[in-house]
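The opening residue of the sequence shown carries number 1 in UniProt numbering; numbering runs sequentially from there.
Where a beta carbon is used, it is the ideal one built from N, C-alpha and C, also for glycine.
Worksheet for the structure shown next.
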Amino acid sequence: MGRAPLSDNNQNLLAEQRRAMILDEVRRRGGVRVNELTRRLKVSDMTVRRDLDALARQGMVEKVHGGAVPVVEASTHEPGFEAKSALETSAKEEIARAAARLVVPGAAIALSGGTTTYALARQLLEVPGLTVVTNSVQVADVFHTAQDMGTTVVLTGGVRTPSDALVGPVADQAIRTLHFDLLFLGVHGVSVAAGLSTPNLAEAETNRQLMRAARQVVVVADHTKWGTVGLSSFAPLTAVDVWVTDSGMGPEDRTRIPELLPRLVIAGETEATAADG
């Protein structure tokens with residue numbers, strides 16, 4: 001099931017949930033009006049306007065007279081880690097829990113930069129004996145500050161991006177010498193034509209190196225990444241072994257995606273598979 005549509009039953013939503021629903025509605029319909037949102041959410045005009053102000057500050061919507069419309073972003077636009085952390089938080093936690101079930105004690109895994117891989121790192125703190133390779137400062141900090149479970153963390157060097165990933169020749173060289181069982185890869189966009197993409201050219205090459213070093217590639221990305229295209233494509237969908245996403249993925253896409261890659265996991269639901277390669 002996808003995210004519940006805006007309806008008269010949504011009376012006591014937390015601000016985060018309410019804003020996520022408003023954002024979905026803006027993206028789906030191409031715009032919303034304040035009076036529609038007050039009626040459907042059963043909240044005051046002032047509450048809706050505060051929600052739209054918050055979404056506008058995060059760069060998620062553009063306020064217009066009487067409502068809001070989607071922000072048309074350049075393919076080079078790269079939101080910072082803090083801005084991305086505020087988006088689809090519930091979905092990311094669900095994805096993280098589902099992805100963590102793919103990890104066995106003692107495995108050698110890699111986590112790329114991103115807020116979904118950051119959520120996954122927190123889910124992996126109780127898995128003993130892991131070797132974790134990451135180019136994410138944030139992910140490395142999760143393991144560094146946690147109680148020791150015998151985890152070995154390898155943090156690549158490199159140049160720091162707005163999303164706190166370390167990329168570039170230094171990172172690429174370090175990754176080329178390594179091998180790991182699973183790569184959990186956060187992405188800016190996933191599409192049929194462009195495959196996996198990012199707005200950062202250096203990150204594209206670092207992601208390629210991570211994928212080459214992994215026996216199995218698991219993309220962890222919420223449903224809003226589907227159809228998004230960044231400046232640089234770094235891999236086709238055929239290079240992905242598993243995509244773990246959330247229940248916001250629409251029914252048509254749920255049917256289509258397993259035809260394009262071996263395995264689709266919908267967090268919190270029975271996973272759909274085409275072939276457990």
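| query | result |
| --- | --- |
| Environment of M60 [buried if 16+ CB atoms lie within 10 Å] | buried |
| Cβ-Cβ distance between T198 and F234 below 9 Å | yes |
| At least three beta-carbon pairs within less than 8 Å, the segment 217-224 to the segment 234-244 | yes |
| Residue 283 versus L120 - alpha carbon distance | Because the chain is modelled from 1 through 277, residue 283 falls outside the range shown and cannot be assessed. |
| Three-state class that DSSP yields for L185 in the structure shown | strand |
| Neighbourhood of H179 by C-beta, 6 Å cutoff - its chain only, sequence neighbours within 5 removed | A213 |
| Close-in-space but distant-in-sequence residues of the same chain around L14 (CB under 8 Å, 5 per side omitted) | none |
| Beta-carbon proximity list for N135, same chain, < 7 Å, skipping 5 on both sides | S112, G113, T156, G158, A165, L166, V167, A171 and T206 |
| Assigned secondary structure, Q58 (DSSP; H/G/I helix, E/B strand, else coil) | coil |
| For T115, the first and last residue of its enclosing alpha helix (DSSP H) | T115 to Q123 |
| C-alpha distance - G67 paired with G189, whole-angstrom precision | 27 Å |
| For S247, the three-state DSSP class (helix, strand or coil) | coil |
| Residue of P105, A108 and Y118 minimising C-alpha distance to E93 | Y118 |
| Exposure of T152, with buried meaning 16 or more beta-carbon neighbours within 10 Å | exposed |
| Cut-off 8 Å between Cβ atoms - residues of its own chain near residue 279, not counting five sequence neighbours on either side | Since the first residue of the chain shown is 1 and the last is 277, residue 279 is not available in this structure. |
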